[in-house]
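To start, the structure itself, in structure tokens.
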Amino acid sequence: MITLKQTKYIAGLVLTTFSLSLCIHPISIYANSHAPQHFLTLPNKNEPNLVPKPVEDENWFLGEMPESIDHNKFPIVFVHGLHGYANEWWGGNEMYARAFKEGFRTAFVSLNGEKNNWDNGKQLADILERISEYFGSKVNIVAHSKGGIDTQTALVHFGAHSYANNVITLATPFHGTALADLAYSAPAKWLMKLLGNLDDGTESLQTSNMKHFREITDSNQNILKNTYYTAAGTDWGSVFSASWLGGVYLSGVGGSNDGQVNVLSTQFPYGKQLFVAPLTHENMHQGSAIFEKINPILQKNNNSLQPFFMVNSKVKEIKQNSKNTEQFISGGILPALKTIEEKISIDSAIQGIELYILTKNEDTHIEVISPSEKKYKTKDVQTVPMSENGVFDGSYLHRIAINQPEKGDWKLYMNSTKEDAYFMMAQFNSNPIISINMASVVKANTSIPLRIKIENSEILSRASMRINIKKGESETSQKIDIKVMEQIKDNTFVKMIPPSNNTGNLNVTIEIEGKTTQNTNFRRTEVRSIHVSE
Numbered sequence: 075m076i077t078l079k080q081t082k083y084i085a086g087l088v089l090t091t092f093s094l095s096l097c098i099h100p101i102s103i104y105a106n107s108h109a110p111q112h113f114l115t116l117p118n119k120n121e122p123n124l125v126p127k128p129v130e131d132e133n134w135f136l137g138e139m140p141e142s143i144d145h146n147k148f149p150i151v152f153v154h155g156l157h158g159y160a161n162e163w164w165g166g167n168e169m170y171a172r173a174f175k176e177g178f179r180t181a182f183v184s185l186n187g188e189k190n191n192w193d194n195g196k197q198l199a200d201i202l203e204r205i206s207e208y209f210g211s212k213v214n215i216v217a218h219s220k221g222g223i224d225t226q227t228a229l230v231h232f233g234a235h236s237y238a239n240n241v242i243t244l245a246t247p248f249h250g251t252a253l254a255d256l257a258y259s260a261p262a263k264w265l266m267k268l269l270g271n272l273d274d275g276t277e278s279l280q281t282s283n284m285k286h287f288r289e290i291t292d293s294n295q296n297i298l299k300n301t302y303y304t305a306a307g308t309d310w311g312s313v314f315s316a317s318w319l320g321g322v323y324l325s326g327v328g329g330s331n332d333g334q335v336n337v338l339s340t341q342f343p344y345g346k347q348l349f350v351a352p353l354t355h356e357n358m359h360q361g362s363a364i365f366e367k368i369n370p371i372l373q374k375n376n377n378s379l380q381p382f383f384m385v386n387s388k389v390k391e392i393k394q395n396s397k398n399t400e401q402f403i404s405g406g407i408l409p410a411l412k413t414i415e416e417k418i419s420i421d422s423a424i425q426g427i428e429l430y431i432l433t434k435n436e437d438t439h440i441e442v443i444s445p446s447e448k449k450y451k452t453k454d455v456q457t458v459p460m461s462e463n464g465v466f467d468g469s470y471l472h473r474i475a476i477n478q479p480e481k482g483d484w485k486l487y488m489n490s491t492k493e494d495a496y497f498m499m500a501q502f503n504s505n506p507i508i509s510i511n512m513a514s515v516v517k518a519n520t521s522i523p524l525r526i527k528i529e530n531s532e533i534l535s536r537a538s539m540r541i542n543i544k545k546g547e548s549e550t551s552q553k554i555d556i557k558v559m560e561q562i563k564d565n566t567f568v569k570m571i572p573p574s575n576n577t578g579n580l581n582v583t584i585e586i587e588g589k590t591t592q593n594t595n596f597r598r599t600e601v602r603s604i605h606v607s608e
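Sequential numbering of the sequence shown, starting at 75, is according to the numbering used here.
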């Protein structure tokens, strides 16, 4: 992982090389200096410097001043997302160049991509104060993904609202993302630990944590001090791309999404939806794709939108769509030179299956065998690296899709030449048979009701159902027979789960097994995230 000092060093090397080629000498720029500055002059004066200059304290970078500055335009501060860096706004991204061409003064913040929104929000509030002081005015903020949550934390909870005007959030998961829930589930934790991605930043994006954040944020009067514009994407990339796994999973739990964040999660009642476009999560902050869409808002020099509701109005909770797919997930250690077997049960309700296996190493041998011994080998499996700056960054995705799969128990064999770990998800194309409901925010030392509804009793044999619940990092397991659950109405059952004594986030993996009425094995997995408050 590149540190901020390394980023500064690399930026300096690139900038120096570029300058020497033009026989130009760069001049340092410091945060609190208001003396006339000398900037690099390029042959094409409509283009900015190759790399913005790092400011003395390394926490932000300053873009080149346009030749003709329009002081009626607020400067723009760009904020990156999870596991990101300031430099993702320039170079291969045209955002910086387009902002410069429009005459905007720019600054680029570099936060710790692994920290939660509280740590980053506090740091960002301090940086925004210094940037505002440097420019002598308020700023407009453009934030990608988690950067929007870091920004709102800074403005609402750390008092930085006085330094900002409009806030544009691009694919920001204001209600969290189910991919973060999935990353912290019992089956995924082995791979996530190996990747080093179980950090405070990822944990903060779990849906229950963000529901708690919304409760304490949307009731704060500081939300009215700035104007928020939201934007969302709906594209997953190509069918073999790294975004496809997230797109498929998120579509099952919340509908339209960009491969990492559901559209519904990008919205809240006092934010104006600027646009929803067919873009992936990665492309949602590319200047070539979205600058023209946000430019009209950036041109405004005052709060351009009145709040949608009064301070005392109740913020309505955004409900996710009913899920339209089901899945079975598993995971664990993948020792070197040892074959691991997983069983995948295909019942009569399943019309198709997409099998996803994530590993740290690319060269994983995979073999899938049907009940009639038909073999699908490694050559039948597509392998791609997962998206950078995503929840599963650093892993490889192995995918195989099978239409109209044979009913019965399939076998998956995996082996690797290196020590590894795996996370497997079988996504089923089927009408949901089971639905699960659990509260996402509870009090400590309070029992948690688990509600299970059998949506299709003609397929599933109710008497055969068994539920296994794994809670928390220690994977405390509780096995439940459907017969001991209280039936509260037709095909709906409830069981009180023992409370958690610890505050914070509790991840719950629910495994349901049984038999269908046609005597095939039935296996499904659901993941839930619960915030335990005092």
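Virtual Cβ for every residue (Gly too), placed ideally from N, Cα, C. No experiment lies behind these values; they were computed from the predicted model shown.
Inset, instruction - Give the range of the beta strand (DSSP E) segment to which Leu-432 is assigned. - result: Where Leu-432 is concerned, the enclosing beta strand (DSSP E) stretches over 426-433.
Inset, instruction - Counting only the same chain and skipping the five closest in sequence on each side, list residues whose C-beta sits under 7 Å from that of Val-610. - result: Because the chain is modelled from 75 through 608, residue 610 falls outside the range shown and cannot be assessed.
Legend entry - Cβ pair Val-465, Ala-257 closer than 8 Å: Between Val-465 and Ala-257, the C-beta spacing is below 8 Å.
Inset, instruction - With DSSP as the reference, label Val-327 as helix, strand or coil. - result: Val-327 falls in the helix class under three-state DSSP.
Legend entry - Coil, strand or helix - Thr-591 by DSSP: For Thr-591, the secondary structure class from DSSP, reduced to helix, strand or coil, is coil.
Inset, instruction - Specify, as a first and last residue, the run of the alpha helix (DSSP H) that Pro-370 falls within. - result: Where Pro-370 is concerned, the enclosing alpha helix (DSSP H) stretches over 361-372.
Legend entry - Integer-rounded CB distance, given that Asn-191 should sit under 8 Å from Asp-144: That pair is no contact at about 33 Å.
Legend entry - Residues near Ile-407 in its chain [Cβ-Cβ closer than 6 Å; skip 5 each side]: Around Ile-407: Trp-264, Ala-495.
Legend entry - Distance, Leu-202 Cα to Ile-392 Cα: Low per-residue confidence applies at Ile-392: pLDDT is 42, beneath 50, and the placement is therefore not dependable enough to give any value.
Legend entry - Three-pair Cβ contact test at 8 Å for the segment 339-350 versus the segment 305-317: Between the segment 339-350 and the segment 305-317, the count of C-beta pairs closer than 8 Å reaches three or more; the two stretches touch.
Legend entry - Touch test, the segment 470-485 against the segment 263-283, Cβ-Cβ under 8 Å, three pairs minimum: No: the two stretches stay apart, fewer than three of their Cβ pairs being nearer than 8 Å.
Legend entry - Reduced DSSP category for Met-169 - H, G, I as helix; E, B as strand; rest coil: Taken through DSSP and simplified to helix, strand or coil, Met-169 comes out as helix.
Inset, instruction - Can you tell me which of the three DSSP states Asn-255 falls into? - result: A small correction: the amino acid at residue 255 is Asp; Asn does not occupy that position in the sequence shown. Of the three classes helix, strand and coil, the one that applies to Asp-255 here is helix, per DSSP.
Inset, instruction - Alpha carbon to alpha carbon, how far is Lys-453 from Gly-222? Give it in angstroms, no decimals. - result: Straight-line spacing of the CA atoms in Gly-222 and Lys-453 works out to 41 Å.
Inset, instruction - Would you kindly report the start and end of the unbroken beta strand (DSSP E) that includes Met-570? - result: In the DSSP assignment, Met-570 falls within the unbroken beta strand (DSSP E) covering 566-571.
Legend entry - Stretch pair the segment 509-525 + the segment 435-446: three plus CB contacts closer than 8 Å: Per the Cβ contact rule, the segment 509-525 is not in contact with the segment 435-446 (fewer than 3 Cβ pairs under 8 Å).
Legend entry - Reference Pro-261; option with closest CA among Gln-592, Glu-585, Val-151: Proximity to Pro-261 across Gln-592, Glu-585, Val-151 peaks at Glu-585, based on C-alpha coordinates.
Legend entry - Reduced DSSP secondary structure (H/G/I, E/B, other) of Gln-334: Assigned with DSSP and collapsed to three states, Gln-334 falls in coil, not helix or strand.
Legend entry - Given Lys-553 as reference, the closest of Lys-563, Met-539, Asn-576 once Cα atoms are compared: Nearest C-alpha to Lys-553 among Lys-563, Met-539, Asn-576: Met-539.
Inset, instruction - State the beta-bridge partners of Leu-471 as determined by DSSP. - result: The partner list for Leu-471 (beta bridge, DSSP) reads Leu-432, Val-458.
Legend entry - Cutoff 6 Å; reference Ala-234; Cβ partners in own chain excluding five residues on either side: The residues are Ala-199, Leu-202, Ala-228.
Inset, instruction - Check whether the Cβ atoms of Asp-309 and Pro-247 sit closer than 8 Å, and answer yes or no. - result: Going by C-beta atoms, Asp-309 is not nearer than 8 Å to Pro-247.
Legend entry - CB of Pro-140 within 8 Å of CB of Phe-182, strictly: Contact check for Pro-140 against Phe-182 fails: the beta carbons are separated by 8 Å or more.
Legend entry - Bridge partners - Tyr-159, DSSP secondary structure assignment: The partner list for Tyr-159 (beta bridge, DSSP) is empty, contrary to what the question assumes.
Inset, instruction - Decide yes or no for the touch test of the segment 166-184 against the segment 237-252: beta carbon pairs closer than 8 Å, at least 3 of them. - result: No: fewer than three Cβ pairs fall under 8 Å.
Inset, instruction - Can you have a look at Glu-600 and say buried or exposed, based on whether 16 or more other CB atoms are within 10 angstroms of its CB? - result: Classification for Glu-600: buried.
Inset, instruction - Measure the Cβ-Cβ separation of Ala-245 and Val-335 and say whether it is below 8 Å. - result: In this structure, Val-335 lies closer than 8 Å to Ala-245 by Cβ.
Inset, instruction - Could you tell me if Ser-259 is buried or exposed, where buried requires 16 or more neighbouring beta carbons within 10 angstroms of its beta carbon? - result: Classification for Ser-259: buried.
Inset, instruction - Return the residue from the list Asn-357, Leu-580, Lys-589 that minimises the CA-CA distance to Ala-254. - result: Closest by alpha carbon: Leu-580.
Legend entry - Which of helix, strand or coil DSSP assigns to Asp-200: Correct three-state label for Asp-200: helix.
Inset, instruction - Quick one: grab the DSSP three-state call for Asn-357. - result: In the displayed model, Asn-357 falls within a helix according to three-state DSSP.
Inset, instruction - Would you identify the three-state DSSP class for Gly-578, choosing helix, strand or coil? - result: The answer is strand: DSSP assigns Gly-578 an E or B state.
Inset, instruction - Could you give the DSSP three-state label for Trp-310: helix, strand or coil? - result: In this structure, Trp-310 counts as coil in the three-state DSSP scheme.
Legend entry - Close-in-space but distant-in-sequence residues of the same chain around Ile-150 (CB under 8 Å, 5 per side omitted): Around Ile-150, the same chain offers Ala-173, Phe-178, Arg-179, Thr-180, Ala-181, Val-213, Asn-214, Ile-215, Val-216, Leu-372 as residues with beta carbons nearer than 8 Å, after the five sequence neighbours per side are excluded.
Inset, instruction - Measuring alpha carbon to alpha carbon, tell me which of Lys-189, Asn-505, Asn-575, Lys-220 ends up nearest Glu-532. - result: Cα-wise, what sits closest to Glu-532 is Asn-505.
Legend entry - Unbroken beta strand (DSSP E) run spanning Gln-552, endpoints: Boundaries of the beta strand (DSSP E) harbouring Gln-552: 550-555, taken from the DSSP string.
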